[in-house]
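Written below as structure tokens is the structure these notes are about.
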Amino acid sequence: MPPRATPPAAAEETDTRITLANRPAVDARLYGKRTPGAATPLVLHFHGGAFVAGGLDCGATVARMLAGAGAVVVSLAYPLAPASPFPEGIEVGYEVLAWVHKQRTKLAGQGARVYLAGEEAGGNLAAAVAMMSRDRAHPPLAGQILLSPMLDPCVATASQRAATEEGATGCKWADGWQQYLRCPMDAEHPYAVPATSRRLAALTPTLVLSGADDPLRDEARAYADRLRSAGVDVTYQLLSSAQGWPETLVEPPPGECPCALAVQQQVQAFFAATT
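Counting in the numbering used here, the sequence shown runs without a single skipped number right up to 1633 at its last residue.
Structural data, given as structure tokens:
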């Protein structure tokens, strides 16, 4: 059984600004701290917000869970659509990933392993940047963590339809996709829609988490199944305590999320398995 997780609120939090070589500097928030004499998992995190909203405060819920699981987290305020549609967000994300990898010893200790993570639209960006890392053969990744990832621009899965029929705000994801993709051809690009990529082999080990009432759970499960069929090491978990996902993941947290311990235990086990 994974060890009991540390409460997320215990992590240190510091705002910073990252200077990039080819783009304007971006804001980020650092969670956690390195452990002297040890290598701590180092996670680049992408917040949710349907590609068009959100920021560092909205990403705090998941970032604190990751830090509570024992990671140092770099949570990124990536550029949003429609001002910055595909592929600007993932290109910025990839540059920040390169920066994180270069700074890994300073941030998380000698030998620190680098991960990607994201919730909702941030899960899409994390999956896309993982593909870019594979295709460009750098930086090396230890894994990716996708929580209720937003992967299907058709928004036509059974879980999405059920949410719409029940009066949930299902249309916001369709609206977000329309703002994010510049034209119909973008929907055919694997970095824009990782779930439909024809080449998933050789991607980094992946942890996919969703909730029982999550409108995005069908696309999350389908992506996990496709990765597994491509030979990728995948763990998929449907968490009973994950209520109201993805909304409860992307709202600024009033306190600790009820699902925090369950998420942290899954993440801790994933860190241990990808050492």
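A virtual CB, placed ideally from N, CA and C, is assigned to each residue, including glycine.
Does the separation of the CB atoms of residue 1409 and residue 1501 fall below 8 Å?
Against a cut-off of 8 Å, the Cβ pair of residue 1501 and residue 1409 comes out as no contact.
Check whether residue 1573 and residue 1622 have beta carbons under 8 Å apart:
The answer is no: Cβ separation not under 8 Å.
Spatial neighbours of residue 1377 within its chain, please: C-beta separation below 7 Å, excluding the five flanking residues on both sides.
Only 1383 meet the Cβ criterion.
Confirm, please, whether the CB-CB distance from residue 1372 to residue 1387 is below 8 Å.
Yes, the pair counts as a contact, with Cβ atoms nearer than the cut-off.
Assuming the contact rule is C-beta atoms closer than 8 Å, residue 1492 and residue 1561 should be a hit. Round their C-beta distance to whole Å, please.
That belief holds up - the Cβ atoms of residue 1492 and residue 1561 are roughly 6 Å apart, short of 8 Å.
Going straight from the alpha carbon of residue 1544 to that of residue 1370, what length do you get?
About 39 Å.
Less than 6 Å between C-beta atoms, sequence neighbours within five positions excluded: which residues of the same chain meet that for residue 1546?
Nothing meets the Cβ criterion.
Evaluate residue 1374 with the Cβ neighbour count: other Cβ atoms within 10 Å of its Cβ, from every protein chain shown; 16 or more gives buried, anything less gives exposed.
With fewer than 16 other Cβ atoms within 10 Å, it is exposed.
Quick one: residues in its chain with C-beta nearer than 8 Å to the C-beta of residue 1416, no 5 flanking neighbours on either side, listed in chain order?
Excluding positions up to five away in sequence, the list reads 1405, 1406, 1407, 1608, 1609, 1610.
Given residue 1454 as reference, the closest of 1474, 1615, 1577, 1512 once Cα atoms are compared:
Taking only the C-alpha atoms, the option nearest residue 1454 is 1474.
Any idea if residue 1598 is buried or exposed, counting beta-carbon neighbours within 10 angstroms, 16 or more meaning buried?
Flag for residue 1598 reads exposed.
Considering only the alpha carbon of each residue, which of 1397, 1435, 1479 lies closest to residue 1604?
Closest option to residue 1604, Cα to Cα, is 1479.
Taking all protein chains shown into account, do 16 or more other C-beta atoms lie within 10 angstroms of the C-beta of residue 1471, making it buried, or fewer, making it exposed?
Burial state of residue 1471 is buried, judged by a 10 Å Cβ sphere holding 16 or more other Cβ atoms.
Please list the segments of the alpha helix (DSSP H) lying wholly inside the region 1526-1582, counting only runs of 4 or more residues, in order along the chain.
Fully enclosed alpha helix (DSSP H) runs of no fewer than 4 residues occupy 1529-1538 of the region 1526-1582, in order along the chain.
Starting from the C-beta of residue 1447, find all residues in its chain whose C-beta is less than 6 Å away, skip the five residues before and the five after it, and write them out in chain order.
Answer for residue 1447: 1436, 1437, 1483, listed in chain order.
Name the residue from 1569, 1548, 1580, 1595 whose alpha carbon lies nearest to the alpha carbon of residue 1606.
With distances taken between Cα atoms, residue 1606 lies closest to 1569.
Would you call the CB atoms of residue 1489 and residue 1555 closer than 8 Å?
Cβ atoms of residue 1489 and residue 1555: closer than 8 Å.
Simplified DSSP state of residue 1404, which is helix, strand or coil
The answer is strand: DSSP assigns residue 1404 an E or B state.
Under three-state DSSP, which class holds residue 1605?
Residue 1605: helix per DSSP, three-state reduction.
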